[in-house]
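S.K.:
Number of protein chains: 2
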Amino acid sequence: MPTIADVAKRANVAVSTVSYAINGTRPISEETRQRIFAAMDELGYRPNALARGLASKRSRIIALLFAAPERGLGITELEFVTSAADAAKENGYHLVLWSSEMNDPEELRRFTQQGLVDGVVVMEVHLDDNHVNMLREISFPFTMIGRCADTDDISYVDIHFEQTIKEAVQYLAELGHTNIAFLNHSQAEFDAGYGPAVRAHTRFAQVVETMELTGVTRFCRATPLAGWEAFNDLLTAHPDLTALVAMNDRTIPGIMQAIAERGWRIPDDFSLMSVVSSARAAEMMVPPLTTMDPPTAELGRLGVELLIQQLEGQAQNASQMLLPCRLVVRDSSGPCRRIQSSKQVEDQ
Amino acid sequence: MPTIADVAKRANVAVSTVSYAINGTRPISEETRQRIFAAMDELGYRPNALARGLASKRSRIIALLFAAPERGLGITELEFVTSAADAAKENGYHLVLWSSEMNDPEELRRFTQQGLVDGVVVMEVHLDDNHVNMLREISFPFTMIGRCADTDDISYVDIHFEQTIKEAVQYLAELGHTNIAFLNHSQAEFDAGYGPAVRAHTRFAQVVETMELTGVTRFCRATPLAGWEAFNDLLTAHPDLTALVAMNDRTIPGIMQAIAERGWRIPDDFSLMSVVSSARAAEMMVPPLTTMDPPTAELGRLGVELLIQQLEGQAQNASQMLLPCRLVVRDSSGPCRRIQSSKQVEDQ
DNA sequence: ACGTTTAGTCGAAACGCTTCGATAAAGATT
DNA sequence: AATCTTTATCGAAGCGTTTCGACTAAACGT
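Chains U and P, in that order, give the protein sequences.
Quick note on numbering: the first sequence equals residues 1076 to 1423 in this note's numbering.
Quick note on numbering: the second sequence equals residues 1076 to 1423 in this note's numbering.
1) Tell me whether the beta-carbon of A1126 (chain U) lies closer than 8 Å to the beta-carbon of R1376 (chain U).
2) Output the boundary residues of the alpha helix (DSSP H) element that contains W1303 (chain U).
3) Give the C-beta separation of N1166 (chain U) and I1383 (chain U) to the nearest angstrom, bearing in mind that I take them to be a contact with Cβ-Cβ under 8 Å.
4) How many Å lie between T1253 (chain U) and A1354 (chain P) at the Cα?
5) What does F1141 (chain P) reach in chain U if we use C-beta pairs closer than 9 Å?
6) For a minimum of 4 consecutive residues, which ranges assigned as the alpha helix (DSSP H) are wholly contained in the region 1142-1171 of chain P?
7) Measure the CB-CB distance between G1268 (chain U) and H1201 (chain U) and report whether it falls below 8 Å.
8) Can you give me the Cβ contacts of V1171 (chain P) inside the same chain, cut-off strictly under 8 Å, excluding the 5 residues immediately before and after it?
9) My output table needs one value for G1388 (chain P): the three-state DSSP class, helix, strand or coil.
10) Identify each residue in the region 1177-1200 of chain U for which the Cβ-Cβ distance to at least one residue of chain P is less than 7 Å, and report them in chain order.
11) Mind checking Q1274 (chain U): buried by the 16 CB within 10 Å criterion, or exposed?
12) Please confirm if R1121 (chain P) has its CB atom under 8 Å from at least one CB of chain U.
13) Cβ closer than 8 Å: which chain P residues qualify as neighbours of A1356 (chain U)?
14) Please name the residues in the region 1099-1121 of chain P whose beta-carbon is closer than 7 Å to at least one beta-carbon of chain U, in chain order.
15) By the 10 Å Cβ neighbour count, where 16 or more other Cβ atoms means buried, how is P1102 (chain P) classified, buried or exposed?
16) At a CB-CB cut-off below 7 Å, which residues of chain U make contact with I1169 (chain P)?
17) Using a Cβ cut-off of 9 Å, which residues of the region 1325-1337 of chain U contact any Cβ in chain P, in chain order?
18) Rounded to the nearest angstrom, how far is the Cβ of M1331 (chain P) from that of V1361 (chain U), given a contact under 8 Å?
19) According to DSSP, is D1233 (chain P) helix, strand or coil?
20) With H, G and I counted as helix, E and B as strand and the rest as coil, what does DSSP make of G1194 (chain U)?
21) May I ask which residues mark the beginning and end of the alpha helix (DSSP H) holding L1118 (chain P)?
22) Would D1422 (chain U) count as contacting chain P if we go by Cβ distances under 8 Å?
23) Please list the partners that M1076 (chain P) has in chain U, where partner means a Cβ-to-Cβ separation under 9 Å.
24) Nearest by alpha-carbon distance to E1212 (chain P): which of P:S1094, P:E1181, P:F1236 and P:E1242 is it?
25) Grab me the residues of L1118 (chain U)'s own chain with a C-beta within less than 7 Å of its C-beta, minus the 5 sequence neighbours each way, in chain order.
26) Of all the residues that make up the region 1363-1384 of chain U, which are near chain P by a beta-carbon distance shorter than 8 Å?
27) Return helix, strand or coil for S1349 (chain P), following the three-state DSSP convention.
28) Taking C-alpha atoms, which residue in P:G1194, P:R1401 and P:D1161 lies nearest to N1178 (chain U)?
29) If you reduce the DSSP assignment to three classes, tell me which class F1257 (chain U) lands in.
30) Should A1113 (chain P) be labelled buried (16 or more other beta-carbon atoms within 10 Å of its own) or exposed?
31) For A1089 (chain U), I'd like the list of residues in its chain whose CB is within less than 7 Å of its CB, leaving aside the five on either flank, ordered along the chain.
32) Which residue marks the beginning of the alpha helix (DSSP H) containing R1211 (chain P), and which one marks its end?
33) Using a Cβ cut-off of 8 Å (strictly closer), state whether C1295 (chain P) contacts chain U.
34) In chain order, what residues of the same chain lie with their CB nearer than 8 Å to the CB of W1173 (chain U), ignoring the 5 residues before and after it?
35) Helix or strand or just coil, what does DSSP make of R1325 (chain U)?
36) Taking Cβ positions only, does A1124 (chain U) come closer than 8 Å to chain P?
The structure is reproduced here in structure tokens:
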């Protein structure tokens, strides 16, 4: 493997001149630049990333702190990873994956102190997040996909849950639904201060209040069975419900089954939709699920781009962005035509 | 950030001695070792990964060549990534993601020549694979998750498709099915020499032959609509079919719908199963899908572990491993009770 | 008692780059 | 003509490690 010294020799210049030519750090005459690049081509020279990083104290490597949510990893997380990797590459950076098993923030500190990465993108942030606190404490550069409670001076991108919930409810209201259930993440996640769960919770209450609708909220773990139970509970307590918004699409199969068991049809007798779920999951269901699609690719991309801007000093003040989800109407939602006579329906 | 020189000074030894103590490269007396580690602790010293890599010519970083299959990324790929990352970390390596956009093998060459990574794990390998050919040509260390046609001297882990297909068919046969459809990946993927598609294709033919069953094969793109069409085509041409094995679970919702449109029930009138699909996807369906679950976590883990063994010279000859999928019976398969009288059934 | 290992340590030379200060030549400014 | 800039280049000193060869003193074999 040729080194910069080989190139310098062949182009008849000093090593430093080659470096300047490559990085554009200092002016180089057109003529010598040509000679240098010619020499590089002929030798098939590639700058050594480690040496470069060591000398410049900038590795051009960033880490994605890849934590699994309590409900497990899904397509959404996958898309963060791929879009983050693509964005990193386009900006001339490498992306390393720091896996979730890093529950101990001390381990995160050790990793950052290895000098391997210039900054980290944190995902699955909790309202009070150990990793974030750690990074802040040691003033290590980072951005978040998601956000914690105190976001002073931290750049982040997140889903605009407030708007998303509002639009979802509005959509159902326009279809004529007035009794709407909201199936949140699990109680455990809510109690742990998981941002999406907390924000969506408050927001849903607000929205039904201002829109003068009847809303019922329930927590639910991310399994079909939990969905089945939740749905039956909800309908026992509130038989007038005609629509449900779920935070987690993994509950939906159970709900669909519960609906079928009542002899109801979707969407004629009941409307179902999920917020922040991927098209991928929505299309796996019969009927395909109406969703608020999250802008996953943008989130991943922006997470790393904000970080890189910060690293390259193009951004002094933190940028904070909230991205809306996009309503995609599929076949699980519509005006409700169920005859709301009584509970007999359940027994037919 | 303290350096090794600071540690050496504080422990009253030479820099090289500290290095030997850390790496165990040469014997160090118990007494000085203690002093050195004490000094490291007091200073909070962390070896610099870049300097280490530069000096030792081993970065302890490996890359996962993260290519998207034509059908798009799914949970399976996600699990490769996470398990690979975990395995790397446990072995003291970092994992960088080299994204799929690297279609040009030249770009792969450039990346490898940067000296950043010691080796790469390639996934989504085609029978004749450009990336693999490239790596081989420049003798860059790598392993595969999946396998190409000529696997001489290459370490890999792959799913044992032959066995998987056989077990799937056997399972259906035991339920009494004798007319079985096989829904492969798309024609395009097959033509491109995508290993799983090719191997499964031949194997299915063999198996039905030896078991004296009637088997029909069809290619199908990875969408519900394509599944719907494929199913209808198949049943028009072969009304006696009572079961179907799909290579791709993304076709299943369409198939389920087509079945429902005939007024049939699953599994009473028709049995459905998918090979190499994640539990995650299977449980999103109603009824939950019987599958042959792939050992994704093991594949990811072994992919990196084989690579690391190779890098550390613990393996001179290539290890090649085929892992079986595990049959998970859910609710989409069972003995067929449909009255196979005629096509009237369609019109009921 | 005398070469020969062996354990433990040191100093210096890499590793392949970036960056700083210096320098010479050319251009601009008085 | 003398001085100040600017442009283009060079050489050398890092960056923080590993690794090689050398050295000392103790242990060993005969």
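Heads up, the beta-carbon is just placed ideally off N, CA and C, and yes, glycines get one too.
M.R.: The short version:
1) No.
2) Annotation for W1303 (chain U): the continuous alpha helix (DSSP H) segment containing it runs P1299 to A1312.
3) The beta-carbon distance between N1166 (chain U) and I1383 (chain U), rounded to whole angstroms, is 5 Å. This is short enough to meet the 8 Å contact definition.
4) Answer to the nearest angstrom: the Cα atoms are 36 Å apart.
5) Residues of chain U whose Cβ lies closer than 9 Å to the Cβ of F1141 (chain P) are, in chain order, V1156, T1157 and A1160.
6) Within the region 1142-1171 of chain P, the complete alpha helix (DSSP H) runs of at least 4 residues are 1150-1165.
7) Contact flag set, yes.
8) Only residues of its own chain outside the window of five on either side were considered, and among them I1136, I1137, A1138, L1139, L1191 and V1192 have a CB closer than 8 Å to the CB of V1171 (chain P), listed in chain order.
9) Correct three-state label for G1388 (chain P): coil.
10) Residues of the region 1177-1200 of chain U with a C-beta less than 7 Å from any C-beta of chain P: R1185, Q1188, Q1189, G1190 and L1191, listed in chain order.
11) Looking at the sequence shown, residue 1274 (chain U) is not Gln but Arg. With 16 or more Cβ atoms within 10 Å of its Cβ, R1274 (chain U) is classed as buried.
12) Yes, because at least one Cβ of chain U sits closer than 8 Å to the Cβ of R1121 (chain P).
13) At a beta-carbon threshold of 8 Å, the residues of chain P lying near A1356 (chain U) are M1359, ordered along the chain.
14) Residues R1121.
15) Residue environment: P1102 (chain P) is assigned as exposed (fewer than 16 neighbouring CB atoms within 10 Å of its CB, all protein chains considered).
16) The sequence as given places His at residue 1169 (chain P); Ile does not occur at that position. Simply V1171 and L1191.
17) Along the region 1325-1337 of chain U, going in chain order, the ones with a CB nearer than 9 Å to a CB of chain P are R1325, I1327, P1328, G1329, M1331, Q1332 and A1335.
18) With a Cβ gap of about 5 Å, M1331 (chain P) and V1361 (chain U) count as contacting.
19) Note: D1233 (chain P) maps to strand in three-state DSSP.
20) Here DSSP, grouped into helix, strand and coil, assigns G1194 (chain U) to strand.
21) L1118 (chain P): member of the alpha helix (DSSP H) spanning E1105 to L1118, first to last residue.
22) Note that D1422 (chain U) scores 43 on pLDDT, short of 50, meaning its location in the model is unreliable; the coordinates nonetheless yield the value given after this. The Cβ of D1422 (chain U) sits no closer than 8 Å to any Cβ of chain P.
23) Correct list: Q1188 and G1190.
24) When C-alpha distances from E1212 (chain P) are compared across P:S1094, P:E1181, P:F1236 and P:E1242, the shortest belongs to P:E1181.
25) Cβ neighbours of L1118 (chain U) beyond the five flanking positions: P1077, D1081, V1082 and R1085.
26) Here the close residues are P1363.
27) Here S1349 (chain P) sits in strand by DSSP.
28) Looking at the Cα atoms, P:D1161 is the closest of the given residues.
29) Note: F1257 (chain U) maps to strand in three-state DSSP.
30) Looking at its Cβ environment, which holds fewer than 16 other Cβ atoms inside 10 Å, A1113 (chain P) is exposed.
31) Excluding positions up to five away in sequence, the list reads A1083.
32) Looking at the DSSP string, the run of the alpha helix (DSSP H) that includes R1211 (chain P) is N1205 to E1212.
33) Not an interface residue.
34) Scanning its chain for C-beta atoms nearer than 8 Å, with the 5 sequence neighbours on each side dropped, one finds around W1173 (chain U) the residues A1138, L1139, L1140, F1141, L1183, F1186 and V1195, in chain order.
35) DSSP places R1325 (chain U) in helix when its eight states are reduced to three.
36) For A1124 (chain U), the answer is yes, since a Cβ of chain P falls inside 8 Å of its Cβ.
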